[in-house]
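As structure tokens, the structure follows; a few thoughts come after it.
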Amino acid sequence: NAGVTQTPKFRVLKTGQSMTLLCAQDMNHEYMYWYRQDPGMGLRLIHYSVGEGTTAKGEVPDGYNVSRLKKQNFLLGLESAAPSQTSVYFCASNSAGTMPQHFGDGTRLSIL
Amino acid sequence: DQQVKQNSPSLSVQEGRISILNCDYTNSMFDYFLWYKKYPAEGPTFLISISSIKDKNEDGRFTVFLNKSAKHLSLHIVPSQPGDSAVYFCAASGRGGSNYKLTFGKGTLLTVNP
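Chains as they are written, first to last, in the numbering used here: chain W, 462 to 573; chain F, 543 to 656.
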């Protein structure tokens, strides 16, 4: 039972580069989320999706884009990476109308 | 403006004793609360939750207490074990948990000493 799988686990980028983080869940969950966690901070919601083909902004969406083309996948894109986006990124999912959210193990992203 | 506050960045207890982790919230629309545990290099894992219609929920060594009038909840771990050493996050949601958005506190690092 894989649950929520995030790819890659870590990555180093240069300022201005682009990349996509992949989140895959095998629990048939309708809802999926992207969070970032910074030192001394809780998890902050970047974007979320309540179903295939739908996305919405969270608390800190600037500089990120997302897509949910398939129910099991939620992609987070950085078009032009900035040092302020150095963080640990977590993906989560849950069934519609129920808790809790289930988290992946994170992607550690460093932008130089 | 922090809506969920964990004012203690860290807590150290002896093995076998009780650990009490505290959480305060300001948004009166929150009515469902969760505790997550996080080990280094892993994602948060769900520990226990409580709805605002209750004031206590137990699961083995873990008990969550909710004081709605004070907008305060606490997680009790009895007895504490070294394997409980982790960061604990308090999170809150509205509409009985059916509102999918979670608001997290900054976390409390619990260290249980053998």
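Yeah, the Cβ is synthetic: ideal placement off N, Cα and C, and Gly gets one too.
Cβ of residue i within 8 angstroms of any chain B Cβ
i         : result
Val511(W) : Looking at the structure shown, chain B is missing, and the protein chains on hand are W and F.
Nonlocal neighbours in the same chain, by C-beta distance under 7 angstroms from residue i, ignoring five residues either side
i         : result
Gly567(W) : Gln467, Val549, Tyr550, Phe551
Ile572(W) : Leu474, Thr476, Ala542, Ala543, Pro544, Gln546, Thr547
Lys610(F) : Ser594
For residue j and residue i, the rounded distance between their alpha carbons
i         : j         : result
Thr515(W) : Gln548(F) : 33 angstroms
Glu600(F) : Val606(F) : 7 angstroms
Met571(F) : Ile595(F) : 13 angstroms
Tyr642(F) : Tyr509(W) : 9 angstroms
Met480(W) : Ala517(W) : 20 angstroms
Glu557(F) : Leu563(F) : 15 angstroms
Tyr492(W) : Gly512(W) : 6 angstroms
Met502(W) : Lys579(F) : 15 angstroms
Ala612(F) : Lys598(F) : 15 angstroms
Asn655(F) : Tyr630(F) : 16 angstroms
Asn569(F) : Leu530(W) : 34 angstroms
Leu482(W) : Ser627(F) : 30 angstroms
Gly647(F) : Gly558(W) : 22 angstroms
Pro469(W) : Pro500(W) : 20 angstroms
Gly625(F) : Gln498(W) : 23 angstroms
Leu553(F) : Asp543(F) : 24 angstroms
Cys565(F) : Gly602(F) : 20 angstroms
Close beta carbons around residue i, own chain, < 8 angstroms, minus the five adjacent residues each side
i         : result
Phe604(F) : Trp577, Leu589, Ile590, Leu617, His618, Ile619
His586(W) : With chain W represented from 462 up to 573, any question about residue 586(W) goes unanswered, as that position is not in the structure.
Leu506(W) : Tyr494, Trp495, Tyr496, Gly519, Glu520, Val521
Anticipated Cβ contact below 8 angstroms, residue i with residue j, distance rounded
i         : j         : result
Ser561(F) : Met560(W) : Contact doesn't hold; Cβ gap of about 23 angstroms is too wide.
Ala633(F) : Leu644(F) : 4 angstroms
Gly477(W) : Ser541(W) : 5 angstroms
Short Cβ contact (8 angstroms threshold) for residue i with residue j
i         : j         : result
Pro551(F) : Leu651(F) : yes
Gln545(F) : Tyr567(F) : yes
Asn526(W) : Cys484(W) : no
Gly585(F) : Gly565(W) : yes
Leu504(W) : Gly524(W) : no
Same chain only: Cβ atoms within 6 angstroms of residue i, ignoring 5 sequence neighbours per side
i         : result
Arg559(F) : Ser622
Thr587(F) : Lys579
Ile592(F) : Phe575, Asn599, Val606, Leu608
Arg569(W) : Phe471, Val549
Ser528(W) : Leu536
Val555(F) : Ser561, Ser622, Val654
Lys532(W) : Glu513
Heavy atom of the ligand HEM within 7 angstroms of residue i beta-carbon
i         : result
Ile619(F) : Annotation note on the ligand HEM: not contained in the displayed structure, which lists no ligands.
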